[in-house]
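> Sharing a structure, written as structure tokens. Questions coming.
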Amino acid sequence: MLNKLNWQRINFKNSSGLNLVGLLHTPGTAQGPVVVVCHGFVGSKEGGGMALLMGEELGQRGFNVLLFDFSGIGESEGLFEQITLSDQIDDLKCAVDWCIAAGLGPVYTTGRSFGGTTALCHAASDSRVEGVCTWAAPARLKVLFNSYAEQQVEANKEGEIYKSKKFFDDRDVFDIPAMAGLIAPRPLLIIHGEKDEVVNPADAQLIYASSGEPKELVYIPKADHRFIGHHKIVWDTFFAWLDSIHKE
Numbered sequence: 010m011l012n013k014l015n016w017q018r019i020n021f022k023n024s025s026g027l028n029l030v031g032l033l034h035t036p037g038t039a040q041g042p043v044v045v046v047c048h049g050f051v052g053s054k055e056g057g058g059m060a061l062l063m064g065e066e067l068g069q070r071g072f073n074v075l076l077f078d079f080s081g082i083g084e085s086e087g088l089f090e091q092i093t094l095s096d097q098i099d100d101l102k103c104a105v106d107w108c109i110a111a112g113l114g115p116v117y118t119t120g121r122s123f124g125g126t127t128a129l130c131h132a133a134s135d136s137r138v139e140g141v142c143t144w145a146a147p148a149r150l151k152v153l154f155n156s157y158a159e160q161q162v163e164a165n166k167e168g169e170i171y172k173s174k175k176f177f178d179d180r181d182v183f184d185i186p187a188m189a190g191l192i193a194p195r196p197l198l199i200i201h202g203e204k205d206e207v208v209n210p211a212d213a214q215l216i217y218a219s220s221g222e223p224k225e226l227v228y229i230p231k232a233d234h235r236f237i238g239h240h241k242i243v244w245d246t247f248f249a250w251l252d253s254i255h256k257e
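Per the numbering used here: the sequence shown = residues 10 to 257.
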């Protein structure tokens, strides 16, 4: 099925030597622009099938697409309880390394929820990324994850508390709006649902306010955190932005 739809399975290592698994969609020969997609905190590269469909739509527009599982998730090696934002940023860097080595480019990144935060932070220090789009990305990680921290510390055994603490200590190093401010003059598109019940829509405004031009903030009316029933308008917004910033 993957070959029929011009998908091929790829593998690459992160800086810790863990094997990461991805799916590459090519509209023809594996050359030209590539969109690297970052899934959410508890998601996977396929996005329940929606990421595959989006990749095929992008392929029709002439874009290569790389979907991959972060370490500790899906088919990639590692343990979920050991993940950190720093590790995900490294995973994304290694995905971009793979694309560049394969002759793909320019590179654009996009990510949903925590994957969007990862894309922002990565692009802040990797000038090879020529544009970033986030979907429902959190800007205030302490606000989002503090309730999880309290629950895990109360419920888990000592070893698991240590792993949880690693995630939270790492999280506290990052000022997400400030990182977003380092992306300019590369373009940034911020998409957020008006009815997001997980990440406060105000987070999108925080990212936007700290970012330099060119930037765009699009709120999707009535959309929740997963954009259920609103994927077409999100895709159309994302595709139009890509077409506008990509120069043949």
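Where is the CB? At the ideal position from N, CA and C, for every residue including glycine.
Can you tell me where the alpha helix (DSSP H) holding residue 246 begins and where it ends?
From DSSP, the alpha helix (DSSP H) with residue 246 extends over 240 to 254.
> Under a three-way DSSP split, which group does residue 234 fall into?
Correct three-state label for residue 234: coil.
> In its own chain, which residues sit with a C-beta less than 6 Å from the C-beta of residue 176, not counting the 5 before and 5 after it?
Once the five neighbours on either side are set aside, the close Cβ partners of residue 176 are 93.
> Per the contact definition of three or more C-beta pairs closer than 8 Å, is the stretch 97 to 116 in contact with the stretch 57 to 71?
The answer is no - the stretch 97 to 116 does not touch the stretch 57 to 71, with fewer than three Cβ pairs under 8 Å.
> May I have the straight-line CA-CA distance separating residue 196 from residue 117, to the nearest angstrom?
Going by the C-alpha atoms only, they are around 10 Å apart.
> Contact between the stretch 178 to 186 and the stretch 231 to 249: three or more CB pairs below 8 Å?
Contact between the stretch 178 to 186 and the stretch 231 to 249 is absent, because fewer than three Cβ pairs lie under 8 Å.
> Count the other C-beta atoms from every protein chain shown that fall within 10 angstroms of the C-beta of residue 256, then say buried if there are 16 or more, exposed otherwise.
Counting Cβ neighbours within 10 Å, residue 256 comes out exposed, since fewer than 16 surround it.
> Is it true that the CB of residue 54 sits closer than 7 Å to the CB of residue 83?
Yes, they are a contact pair.
> Can you give the beta carbon distance from residue 145 to residue 205, rounded, assuming they're within the 8 Å contact cut?
Right, the Cβ-Cβ distance comes to about 6 Å (below 8 Å), so this counts as a contact.
> Would a C-beta distance cut-off of 7 Å place residue 20 and residue 34 closer than the cut-off?
No, the Cβ-Cβ distance between residue 20 and residue 34 is not below 7 Å.
> With which residues is residue 227 paired in a DSSP beta bridge?
Paired residues: 200.
> Between which two residues does the alpha helix (DSSP H) carrying residue 65 extend?
Note, residue 65: alpha helix (DSSP H), 59 to 69.
> What are the start and end residues of the beta strand (DSSP E) that includes residue 186?
No beta strand (DSSP E) holds residue 186; the alpha helix (DSSP H) holding it covers 185 to 189.
> Identify the residues that DSSP records as bridge partners of residue 17: which are they?
DSSP, once it has assigned bridges, lists 33 as partnering residue 17.
> Hey, out of 40, 113 and 128, whose CA is closest to residue 185's CA?
Answer by Cα proximity: 128.
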